[in-house]
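Participant:
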Amino acid sequence: MPDQAQILVVDDQRGVRHLLVDALMLLDIKADTASNGNEALARLTQSAYDLVILDMKMPGLSGLQVAVELHRHGKVPEIWLMTAYDDVELRQQAIVQGIHRQITKPFDVLQLVEDIRTWITAKQAEKALF
Numbered sequence: 807m808p809d810q811a812q813i814l815v816v817d818d819q820r821g822v823r824h825l826l827v828d829a830l831m832l833l834d835i836k837a838d839t840a841s842n843g844n845e846a847l848a849r850l851t852q853s854a855y856d857l858v859i860l861d862m863k864m865p866g867l868s869g870l871q872v873a874v875e876l877h878r879h880g881k882v883p884e885i886w887l888m889t890a891y892d893d894v895e896l897r898q899q900a901i902v903q904g905i906h907r908q909i910t911k912p913f914d915v916l917q918l919v920e921d922i923r924t925w926i927t928a929k930q931a932e933k934a935l936f
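Taking the numbering used here, the leading residue of the sequence shown gets 807, the next gets one more, and so forth.
(1) Can you tell which of Phe936, Ala931, Trp925 has its C-alpha closest to the C-alpha of Asp856?
(2) If we call anything under 9 Å between Cβ atoms a contact, is Met831 one with Met862?
(3) Just to confirm the assignment, what range does the beta strand (DSSP E) spanning Val816 have?
(4) If I follow the unbroken beta strand (DSSP E) through Asp838, where does it start and stop?
(5) Could you tell me the alpha carbon to alpha carbon distance between Ile859 and Arg897, rounded to whole angstroms?
(6) Could you give the DSSP three-state label for Gln810: helix, strand or coil?
(7) So, helix, strand or coil for Met888, using DSSP?
(8) Give a yes or no on whether the C-beta atoms belonging to Asp838 and Val815 are separated by under 9 Å.
(9) I want to know whether the region 868-883 touches the region 899-918 - three or more CB-CB distances under 8 Å.
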């Protein structure tokens with residue numbers, strides 16, 4: 807992982823994308839965005855990301871479908887799935903698709919930023935060990 811984490815925020819709601827990008831700026835982290843699954847896959851073929859935060863329900867490809875495509879092509883960054891639905895079947899599908907974390911909407915943006923900071927710190931410590 808490079809010194810600066812590469813993060814992609816994927817959500818069809820512009821307000822959610824901007825909220826997360828602005829919040830990540832508090833950590834001096836620049837995040838890229840995509841407004842749907844196809845745009846996310848295009849970005850993921852152009853750049854390597856350490857963390858992808860995906861909305862579950864989007865027009866076109868869902869967050870789970872994007873995760874399936876990433877696995878199919880061998881590009882599997884850390885994936886966090888945002889969803890307003892607390893569904894056991896969804897949780898099981900997410901685990902199968904390598905989703906590392908589920909974020910329930912509405913979420914506390916400051917807590918999410920803190921979780922991302924903690925994740926980055928852990929990844930940097932892991933990298934330092936190897």
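A virtual CB, placed ideally from N, CA and C, is assigned to each residue, including glycine.
Facilitator: The relevant details are as follows:
(1) Trp925
(2) Contact flag unset, no.
(3) 813-816
(4) Asp838 -> beta strand (DSSP E) spans 837-840.
(5) Cα atoms of Ile859 and Arg897: separation of roughly 16 Å, rounded to the nearest angstrom.
(6) coil
(7) strand
(8) yes
(9) yes
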